[in-house]
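Colleague: Chains as they are written, first to last, in this note's numbering: chain R, 129 to 207; chain A, 25 to 488. For every residue, glycine included, the Cβ atom is placed at its ideal position computed from N, Cα and C. Keep in mind the model is a prediction, meaning the values are calculated, not measured. Mind having a look at this structure? Questions to follow.
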Amino acid sequence: MIQIDSLANLQVGERARVASLLSRGSMRRRLQDIGLIEGTEVECVQKSPAGDPVAYRIRGALIALRSEDSSNILVASNG
Amino acid sequence: MIALAGNPNVGKSTVFNELTGMNQHTGNWPGKTVTNAQGTCTYRGRPFILVDIPGCYSLMAHSAEEEVARDFLCFGHPDAVVVVCDATCLERNMNLVLQALEITNRVVVCVNLMDEAERKGIRLDLERMSERLGVPVVPAAARSHKGLDDLMDAVCRQLDGKDAPSSIQVSYIRPIEDAIAMLQPSVATIYGESLNARWLSLRLLDHDDSLLRSLNDALGFDLLEKEEIVRKLQEAKQCLHSRGISQEDLRDQIVSSIVRTAEKVCTGVVVHEKTKRELRDQKIDRILTSKWTGFPVMLLLLGVIFWLTITGANYPSELLSEGLFWLQDRLMDGFIAIGVPAWLRSMLVEGVYRVLAWVVSVMLPPMAIFFPLFTLLEDLGYLPRVAFNLDKYFKKAHACGKQALTMCMGFGCNAAGIVGCRIIDSPRERLIAMITNSFVPCNGRFAPPHKGETNPFRGRTQRI
Chain R
129 MIQIDSLANL QVGERARVAS LLSRGSMRRR LQDIGLIEGT EVECVQKSPA GDPVAYRIRG
189 ALIALRSEDS SNILVASNG
Chain A
25 MIALAGNPNV GKSTVFNELT GMNQHTGNWP GKTVTNAQGT CTYRGRPFIL VDIPGCYSLM
85 AHSAEEEVAR DFLCFGHPDA VVVVCDATCL ERNMNLVLQA LEITNRVVVC VNLMDEAERK
145 GIRLDLERMS ERLGVPVVPA AARSHKGLDD LMDAVCRQLD GKDAPSSIQV SYIRPIEDAI
205 AMLQPSVATI YGESLNARWL SLRLLDHDDS LLRSLNDALG FDLLEKEEIV RKLQEAKQCL
265 HSRGISQEDL RDQIVSSIVR TAEKVCTGVV VHEKTKRELR DQKIDRILTS KWTGFPVMLL
325 LLGVIFWLTI TGANYPSELL SEGLFWLQDR LMDGFIAIGV PAWLRSMLVE GVYRVLAWVV
385 SVMLPPMAIF FPLFTLLEDL GYLPRVAFNL DKYFKKAHAC GKQALTMCMG FGCNAAGIVG
445 CRIIDSPRER LIAMITNSFV PCNGRFAPPH KGETNPFRGR TQRI
C-alpha cells in the first residue's frame with residue numbers, strides 16, 4: 129500500500145519518492161534546482177545530533193534540510 | 025572568446041587557472057566569482073580569451089550569480105561555452121548543461137574531478153553521454169592538469185564547426201510546446217539569429233523580468249513595446265491558461281522537464297559501485313554527526329585547533345619579536361651613524377617600525393597556524409558537518425548553522441569571517457551573521473595572558 133507522508137517523518141535508512149512539493153517561492157525553486165521534483169527518490173541518511181536538520185540523499189548528493197522545509201515535501205512510500 | 029560555466033564547487037576556477045596560468049584565487053564558497061574573471065591563453069598558436077562566469081546551478085536567475093552567468097551567455101556572445109561538471113554528481117550538473125544548450129549549441133562539457141569519482145567508485149560512460157547530448161564531453165582532472173589538452177582540442181573543433189552541432193533539446197509537455205510555437209516566429213524576426221528564439225520565447229512565457237531588463241539593455245529598445253510580440257504573448261498565455269496551466273505550473277513543468285531530461289541523459293552513463301572507501305566514509309560520517317559522538321568530536325577537534333594556534337604561535341611569536349626588535353636597534357644605530365635628527369628617527373624607528381614589528385610578531389604566527397588548520401578541516405569536508413550539527417541551536421537564535429563556520433573564521437580574522445558569510449542563503453540570517461561576527465575576538469584581539477611575557481617594552485633600555 130502506498131502511504132503519503134511528509135518527508136520530515138521519514139526515518140533514517142528509509143527511502144521514498146516525492147509526491148508533491150508544498151513549499152513556495154525561493155525554497156521551492158532551490159529544491160527544484162537540486163533536482164527535487166515529483167517522482168524523485170529520496171533517502172533519509174542521517175539525523176544531526178539535535179535531531180534537526182536531517183541529511184537526505186537526493187540524486188547522489190547529500191543535502192541537509194530543516195524540518196520546517198522537509199515537512200513541506202510530501203513523499204509516497206510503500207509501507 | 026570562451027565562457028567557462030559550471031555549478032559551484034566543481035573546480036571551475038581550477039580549470040580556469042590551469043588553462044590561463046593566471047593565479048586567480050580559488051575559494052570554496054558559492055558565489056566566489058561574483059563578476060566575470062578574465063584570462064588569456066594560447067593553445068596550438070590560437071589565442072583565446074577565457075571568461076570565468078559565476079558558479080550556479082541554473083540559469084533561471086534566482087540569484088545575482090545566476091543573473092550574471094545568464095547575461096554573459098546570452099549577451100556576451102562567447103564563441104563557445106565550456107560547462108564544467110562534477111563527475112561525482114553528474115546528474116545534478118546536467119541541469120545547467122541542458123539549460124546552456126537551450127541558449128547555444130556551441131557547448132563543450134568538461135567532466136572535472138574524474139580522479140575523485142574514480143576513488144568513489146563511480147564509472148562514467150562519457151562517449152555515450154556525448155552521443156546523447158550531441159556535444160563533446162571531455163573527462164578531466166584539472167588539479168593534476170589531466171584532460172585539459174583534450175578539452176582545448178574539443179573547443180577548437182567546436183569553434184571550427186567540425187563537430188556538427190545537433191544537440192539535444194529539452195522537450196516540454198504539449199501545451200507549452202504549442203505556446204512556444206506560437207511565439208517563436210515573431211521573436212525570431214525581431215531578435216534574429218543572435219539569440220535562440222525558442223529559448224527566448226520560453227523565457228517570455230515564464231515572465232522572466234530580470235532577463236527582460238538585460239535584454240532591453242542589450243537591444244536598446246523594449247521588447248514588450250513591440251505590438252506583435254505583446255499580442256502573440258497574450259495569445260500564447262491564454263492558450264496555456266485554457267489548458268489549465270498557470271504561471272506557477274509553467275515554471276514547475278519547465279524545471280521538471282529539464283530534470284527528467286537530465287535523468288534520461290544519465291541513465292546507463294553513471295555506474296555507481298559501493299567501494300570500501302565509501303563505506304568507511306559513511307561510518308566516519310556517522311561518528312561525526314551522531315547524537316552521542318557528534319558534539320564531543322567537534323569540541324575536541326576545534327579545541328585542538330585553538331590550542332595549537334594559541335600555544336603553537338607563542339614560539340614563532342617570540343622569535344619574530346626578538347628578531348624584529350634586534351633589527352630595530354640596528355636601525356637606530358644606523359640612523360644615528362648617518363646623523364638623522366632625533367625627532368625623525370624616533371618617529372620612523374620607534375613609531376612606524378616598532379608598531380609594524382609588534383603587529384607582525386603578534387598576529388602573523390597565529391594566522392599562519394590557524395588558517396592552514398582550518399583549511400585542512402575544510403578540505404576534509406568536516407566544516408559542513410559542523411554546520412549540520414549546530415544548525416538547530418543557531419536556528420533558535422534565528423540564525424543559520426553555517427554561521428558557526430563564519431564565527432570560527434572570525435577567530436582568525438573578522439574580515440575573512442564576514443566575507444565568508446556569503447555562504448548563508450537567507451538574507452536575514454546572513455545579515456545577522458555579518459553583524460555579530462565582530463563580537464568574535466580575532467587572534468589580534470584575544471590576548472592570552474602569556475603573551476604579556478614576551479612584551480618587548482618591558483625591561484628594555486631605551487637607547488637614544
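1. Please report whether the beta-carbon of His86 (chain A) lies at a distance below 8 Å from any beta-carbon of chain R.
2. With three or more beta-carbon pairs closer than 8 Å as the criterion, would you say the region 82 to 98 of chain A touches the region 255 to 262 of chain A?
3. Can you give the Cα-Cα distance for Ser168 (chain A) and Met138 (chain A), rounded to whole angstroms?
4. Could you tell me which residues DSSP pairs with Cys65 (chain A) in its beta bridges?
5. Within 8 Å of any Cβ in chain R, is that where the Cβ of Asn33 (chain A) sits?
6. Less than 8 Å between the beta carbons of Leu172 (chain A) and Leu43 (chain A), yes or no?
7. When you compare the CB positions of Asn461 (chain A) and Met391 (chain A), do they come within less than 8 Å of one another, or not?
8. Going along the chain, which residues of the region 411 to 431 of chain A sit with their C-beta nearer than 9 Å to a C-beta in chain R?
9. Would you report the Cα separation of Thr57 (chain A) and Gly145 (chain A), rounded to the nearest angstrom?
10. Cutting at 6 Å between CB atoms, please list the residues of its own chain near Gly158 (chain A), excluding the five before and the five after it.
11. Please report the distance separating the alpha-carbon of Asp197 (chain R) from that of Val121 (chain A).
12. Name the chain R residues whose beta carbon is nearer than 9 Å to that of Asp309 (chain A)?
13. Taking the CB atoms as reference points, tell me whether Asn136 (chain A) and Val108 (chain A) lie closer together than 8 Å.
14. Using the DSSP secondary-structure output, state which residues sit across from Lys170 (chain A) in a beta bridge.
15. Could you run through the region 146 to 179 of chain R and flag, in chain order, every residue whose CB is less than 9 Å away from some CB of chain A?
16. Taking only three categories from DSSP, how would you classify Val294 (chain A)?
17. Taking the alpha carbon of Leu455 (chain A) as the reference point, which residue from A:Phe463, A:Pro465 and A:Ile442 has its own alpha carbon closest?
18. From A:Asp241, A:Asp76, A:Tyr196 and A:Gly79, pick the residue whose C-alpha is nearest to that of Trp223 (chain A); which is it?
19. Any idea what DSSP makes of Gln427 (chain A), helix, strand or coil?
20. When you compare each of A:Val373, A:Tyr417, A:Thr335 and A:Trp367 to Pro389 (chain A) by their alpha carbons, which one comes out closest?
21. Out of curiosity, what's the CA-to-CA distance linking Ala411 (chain A) and Glu126 (chain A)?
22. Could you tell me which of R:Ile186, R:Ser199, R:Val173 and R:Ser148 sits nearest to Thr313 (chain A), measuring between CA atoms?
23. Taking only beta-carbon atoms, is Tyr406 (chain A) less than 8 Å away from chain R?
24. Along the alpha helix (DSSP H) that carries Glu249 (chain A), what are the first and last residues, could you check?
25. Between the C-alpha atoms of Pro277 (chain A) and Arg237 (chain A), what's the straight-line distance to the nearest angstrom?
26. Taking the C-alpha atoms as reference points, what is the distance between Pro102 (chain A) and Leu183 (chain A)?
27. Using a Cβ-Cβ cutoff of less than 6 Å, which residues in the same chain neighbour Leu303 (chain A) once the five nearest sequence positions on both sides are dropped?
28. Taking only beta-carbon positions, decide if Arg241 (chain R) is within less than 8 Å of chain A.
29. Please classify Leu368 (chain A): is it buried, with 16 or more other beta-carbons within 10 angstroms of its beta-carbon, or exposed?
30. Going by alpha carbons, who is nearest to Thr112 (chain A) out of A:Met84, A:Ser270 and A:Ala141?
31. For Glu91 (chain A), return the contacting residues in chain R, with the cut-off set at a CB-CB distance below 9 Å.
32. Under 8 Å between the Cβ atoms of Val383 (chain A) and Leu148 (chain A)?
33. Taking 8 Å as the threshold (C-beta atoms), are Ser199 (chain R) and Ser154 (chain R) in contact?
34. Please classify Phe463 (chain A) as buried or exposed, where buried requires at least 16 other C-beta atoms within 10 Å of its C-beta.
35. Just curious, the alpha helix (DSSP H) that Cys98 (chain A) is in, first and last residue?
36. Scan the region 218 to 238 of chain A for residues whose Cβ lies nearer than 7 Å to a Cβ of chain R and list them as they occur along the chain.
Modeller: Inspection of the coordinates gives the following:
1. yes
2. no
3. 11 Å
4. A:Phe72
5. no
6. yes
7. no
8. Ala411, Phe412, Asn413, Leu414, Asp415, Lys416, Tyr417, Lys419 and Gly425
9. Confidence at Thr57 (chain A) is low in this model, with a pLDDT of 49, below 50, so its placement is unreliable and no value can be given for it.
10. Ser190, Ser191 and Ile192
11. 27 Å
12. Val173, Gln174, Ala183 and Leu190
13. yes
14. A:Ala165
15. Leu149, Arg152, Ser154, Arg156, Arg157, Arg158, Gln160, Asp161, Ile162, Gly163, Leu164, Ile165, Glu166, Gly167, Thr168, Val173, Gln174, Lys175, Ser176, Pro177, Ala178 and Gly179
16. strand
17. A:Ile442
18. A:Tyr196
19. helix
20. A:Thr335
21. 36 Å
22. R:Val173
23. no
24. Glu249 (chain A) -> no alpha helix (DSSP H), and no H or E assigned at all.
25. A quick correction: the sequence has Gln, not Pro, at residue 277 (chain A). Approximately 24 Å between the Cα atoms of the pair.
26. 10 Å
27. none
28. Examination of residue 241 (chain R) is not possible in this model, given that chain R is present from 129 through 207 alone.
29. exposed
30. A:Ala141
31. Within 9 Å Cβ-Cβ: nothing; Glu91 (chain A) doesn't reach chain R, min ~14 Å.
32. no
33. no
34. exposed
35. Ala88 to Phe99
36. none
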